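Written below as structure tokens is the structure these notes are about.
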């Protein structure tokens, strides 16, 4: 009996220790600077998909954000205080963003929230930030509904009506394709929105949607949908999805002997896409926010710094994460305060801010208009094709 | 017509994987009369074993060759067989004389334990796993077969035949059937029940490992929660075919695969699972024991 009690105590301690360690880990990501240099800290919350289906996006975005915060701290922080980034992982799961953002606001008392890449998850967190009057900046959620939630919600990337137009024009002008099929992820607001705007533009320009099929994020088998798309003989297939599924879709399309070109949006941009799809990804196109090949001086130094720190080239999510942190801190400095309402007003008046992804001016709808770039996949790497201005 | 035939091929390839997983459910049910929910996670571990085995193996054998693939299959099947035996020994055997509900809930616990340990150990982000290079084969001017689909179908049929031989022709198979019929009587006849049950778990888990690798060949993106949906579908397949019946599990698996593919292709992928599970309800309404299940008589 005694041994059993001892064993129980042992197990309980073990569980407690694991829990404590598990809880502490995500919060301790920012590096502490030399003490005495700063008077106090400014806590900035971030929620990102560090694990799960869209982990590659969450990690890139987080790396970019962290890089910006570290640099800002090295340059003296803001308002004489040290900036501290508290990051929470939402596991790419629906339901988690609400929990972790609530935790960041009520328990950690963060003064602003940065996040997420996926529109569905930004849409989940936005009402909570709005209610608590905490400014939120989404680095790369492109669904227009995100900023419609309220006047505390901002973004620093272009929105899907623009991205849809860009890809519809691309299909018409570059691919010379009129009959297009669309394959949408019904679980993602991003995918549904982008498909809708693409379709509107395509039809307005005299194109035709010959097949519309759908899948649910997390699916693995797309052969049924692809077979019926193939039977409708399109000249191109638009897939506004995320890289995990798109990678499988491209691979399976090749297995079915599909030859027409496939293209999509910024949800494609991860090297995981090439890993999963293999050679099937060659020659496909997608639109995104940024390319490391672009020649702007600021972008160049960013690429160097990012590469030195993370040993890989930054993607659009990293660049937007970086810009979102810079813009937030700029607003804090301008407001001269960490009060939610003052930061909000300062953010809303952001004008001609030069960042890595171009010039950011926040409009009355708290959106920005920025150029889009089109990339293609060549020999397992992203290659810059063209920039399309808004 | 061509499109319909292509959809049938797609469905058959998907269904044969469901069938392989369903076999594990059905065998354990046949012998122990309980559903081993951790089976779908052994399937996941099988895929990851294959992933790591092929990584290590690529140092010794040229990757992408048939020999390397066979080695990967065998290694993963052995590891999972041992894992299955271990799970039974640690989690289920101490509860064998308890009520079925206790074991069932333990099985769900083991399943969750494996899924989340998997997230810790393997990482939660999907990994890409390519075992064999694939090539397309065209027949009848337009119908496309992929070499991977041929491998999946071939391995499934082979394993089904081997399994049926083991159950019907070997001494161990006879013992399994005896235990399934009445384990007390079997024990009285001198059959070592523990050995038979361990063997059943080992065999079922080896099949799950094979299914895991076949699944990864068809869908080269594996993650620790990859077993959840296929496991559920395979469970439905086992019930559909008549739980406890090996040919039933095979037929059930293929049926579910084809129904899913046809619904996604012709109706909408949103209704795919609803219709697949709806079919299950319909069949159970009219044939409660499943397609090939034997009606059991409860004796008082």
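Protein chains in written order, with the working numbering: chain A, 1 to 390; chain B, 1001 to 1300. Don't be surprised by glycine CBs; every beta carbon is placed ideally from N, CA and C. This structure is a prediction, so every number in the text was calculated from the model and none was measured.
Per DSSP, residue 1114(B) is one residue of the alpha helix (DSSP H) stretching across 1100 to 1122.
Assignment of beta strand (DSSP E) within the segment 145 to 209 of chain A, counting only whole runs of 3 or more residues, yields 153 to 155, 179 to 185 in chain order. Cβ contact annotation for residue 189(A) (same chain, cutoff 8 Å, sequence separation greater than five): 119, 120, 123, 143, 145, in chain order. Excluding its 5 nearest sequence neighbours in each direction, residue 177(A) has C-beta neighbours in its own chain below 7 Å: 171, 235, 236, listed in chain order. With respect to residue 110(A), residue 49(A) sits apart: the two C-beta atoms are not nearer than 9 Å.
Sequence-distant partners of residue 201(A) (beyond 5 residues in either direction) whose C-beta falls short of 7 Å from its own C-beta, in its chain, are 164, 165, 168.
In this structure, 326(A) is the residue among 326(A), 291(A), 252(A), 101(A) with its C-alpha nearest to the C-alpha of residue 71(A). For residue 186(A), the neighbours in chain B by C-beta distance under 8 Å run, in chain order, 1269, 1270.
For residue 1136(B), the chain A residues whose C-beta falls within less than 9 Å of its own C-beta are 254, 255, 256, 257, listed in chain order. Chain-order list of chain B residues neighbouring residue 228(A): 1003, 1007, 1265, 1266, by C-beta distance under 8 Å.
In this structure, residue 1084(B) lies away from residue 1072(B), with their beta-carbon atoms at least 9 Å apart. Per DSSP, the unbroken alpha helix (DSSP H) holding residue 252(A) starts and ends at 243 to 255.
Residue contact with chain B for residue 221(A): present (Cβ-Cβ distance below 9 Å to some residue of chain B). Those residues of the segment 94 to 118 of chain A placed with their C-beta closer than 7 Å to a C-beta in chain B do not exist.
In this structure, residue 1230(B) sits away from residue 278(A), with a CB-CB distance that is not shorter than 9 Å.
Around the C-beta of residue 1149(B), 16 or more other C-beta atoms lie within 10 Å, and the residue is accordingly described as buried. Identification of chain A residues near residue 1128(B) by a Cβ-Cβ cut-off of 7 Å yields 275, 276, ordered along the chain. Distance from the CA atom of residue 296(A) to the CA atom of residue 384(A), rounded to whole angstroms, is 14 Å. Neighbours of residue 248(A) in chain B, taken as residues whose beta carbon is under 9 Å from its own, are 1219, 1220, 1221 in chain order. 1179(B) is the residue among 1203(B), 1179(B), 1147(B), 1202(B) whose C-alpha sits nearest the C-alpha of residue 1192(B).
Contact check for residue 185(A) against residue 245(A) passes: the beta carbons are separated by less than 9 Å. At a cut-off of 9 Å between beta carbons, residue 51(A) contacts chain B. Around the beta carbon of residue 355(A), 16 or more other beta carbons lie within 10 angstroms, which makes this residue buried. Under the rule that a run must span 3 or more residues, the beta strand (DSSP E) segments found entirely inside the segment 80 to 136 of chain A read 82 to 89, 112 to 114.
Residue pairing by DSSP places residue 312(A) in no beta bridge whatsoever.
Per DSSP, the unbroken alpha helix (DSSP H) holding residue 1155(B) starts and ends at 1147 to 1169.
Any Cβ of chain B closer than 9 Å to the Cβ of residue 60(A) would place that residue at the interface, and such an atom is absent. About 7 Å separates the beta carbon of residue 62(A) from that of residue 321(A), a gap short enough to meet the 8 Å contact definition. Shown here for residue 39(A): same chain residues with a beta carbon closer than 7 Å to its own, the five before and five after excluded, namely 80, 81 in chain order. Excluding its 5 nearest sequence neighbours in each direction, residue 205(A) has C-beta neighbours in its own chain below 7 Å: 168, 172, listed in chain order. The residues 370, 371, in chain order, have a CB closer than 7 Å to that of residue 358(A) in the same chain once the five nearest residues on each side in sequence are set aside. Scanning the segment 1175 to 1259 of chain B from its first residue to its last, the whole alpha helix (DSSP H) runs of 4-plus residues come out as 1183 to 1188, 1193 to 1218, 1228 to 1241.
If you draw a straight line from the Cα of residue 58(A) to the Cα of residue 45(A), it comes to about 14 Å. In the DSSP assignment, residue 285(A) is bridged to 263(A), 376(A).
In the displayed model, residue 1066(B) falls within a helix according to three-state DSSP. Against residue 1261(B), the close residues of chain A are 221, 223, 224, 227, in the order they occur along the chain (beta-carbon pairs closer than 9 Å).
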